Structures are given as structure tokens and as C-alpha cells.
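Enquirer: Take this structure, written in C-alpha cells, and hold onto it; I'll ask about it next.
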Amino acid sequence: MGDYHINRVPEGWQLIKRGATRPSKRALTKGRLIQETERFLRGKDAVLIIHNEDGTTVEKTYEAGKLVPPRWAKWQEEESANDQE
399 MGDYHINRVP EGWQLIKRGA TRPSKRALTK GRLIQETERF LRGKDAVLII HNEDGTTVEK
459 TYEAGKLVPP RWAKWQEEES ANDQE
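If you read the sequence shown in our numbering, its first letter stands for residue 399, the second for the next number, and so on.
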């Protein structure tokens, strides 16, 4: 499973795989790059971390190219179920 990051750069926005030196995709707007990234990740297992300009992040997890709940959401559900027992 690859970790990909969407970051703001002077030329717009880039998609880069963790550990890579060159971006996989670039776009002028974040929205456009997210659309291109969703097509790029079809059929792949990946974690996409979107870095917002304010420093916050959003995590999306793809399994075989389909969006699934983030890893931390699964842990929260398990902890919540254990607390109720």
C-alpha cells in the first residue's frame, strides 16, 4: 500500500508518493488534482493524505481503488465497541 500526499507548491498543487523525489501528478487547483488523483488510484491500495493550506490534513484510504473509511475510524469503532461491553 502506497502513501500519497497532496501538497501546495508555488506552481499549484502536487501529488507525490512518500519517498519519491518527483510528483506523480500536478494541477493548478486542489480540486482538479483530487479528481485526477481519484482516477490515478483506481485499482490501487493507497492512503491519500491531503494537506490543506491551514496545516490540517484529511486522510482517505483506497482499497482496490475504492474509498474506504480511514484506518483511525476503524480503531475508534473497535474502541467504542469495547467500551460498551
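Each residue gets a CB set at the ideal place from its N, CA and C atoms; glycine is no exception.
None of the values given here were measured: they were computed from a predicted structure.
1) Counting C-beta neighbours from all protein chains within 10 Å, is the total for Leu426 16 or more, i.e. buried, or is it exposed?
2) Ignore the nearest five residues each way along the sequence and tell me which others in Val456's own chain have a CB closer than 6 Å to its CB.
3) Considering Arg406, what are the terminal residues of the beta strand (DSSP E) in which it resides?
4) Restricting to Cα atoms, I'd like to know which of Gly410, Gly463, Leu446, Pro467 is closest to Arg430.
5) So which of Asn405, Lys428, Lys464, Arg424 has the shortest CA-CA distance to Gly378?
6) Round the Cβ separation of Thr445 and Asp401 to the nearest angstrom and send it over; I've been treating them as touching at under 8 Å.
Expert: Let's see:
1) Leu426 is exposed by the Cβ-count criterion.
2) Sequence-distant Cβ neighbours of Val456 in its own chain, meaning closer than 6 Å and more than five residues away, are Ile448.
3) If you look at Arg406, you'll find it in the beta strand (DSSP E) that goes 400-407.
4) Checked all of Gly410, Gly463, Leu446, Pro467; the closest Cα to Arg430 is Gly410.
5) No answer is possible for residue 378: it lies beyond the span of the chain, which begins at 399 and ends at 483.
6) According to the sequence shown, residue 445 is Val rather than Thr. With 8 Å as the limit, Val445 and Asp401 qualify as a contact, their Cβ atoms being about 5 Å apart.
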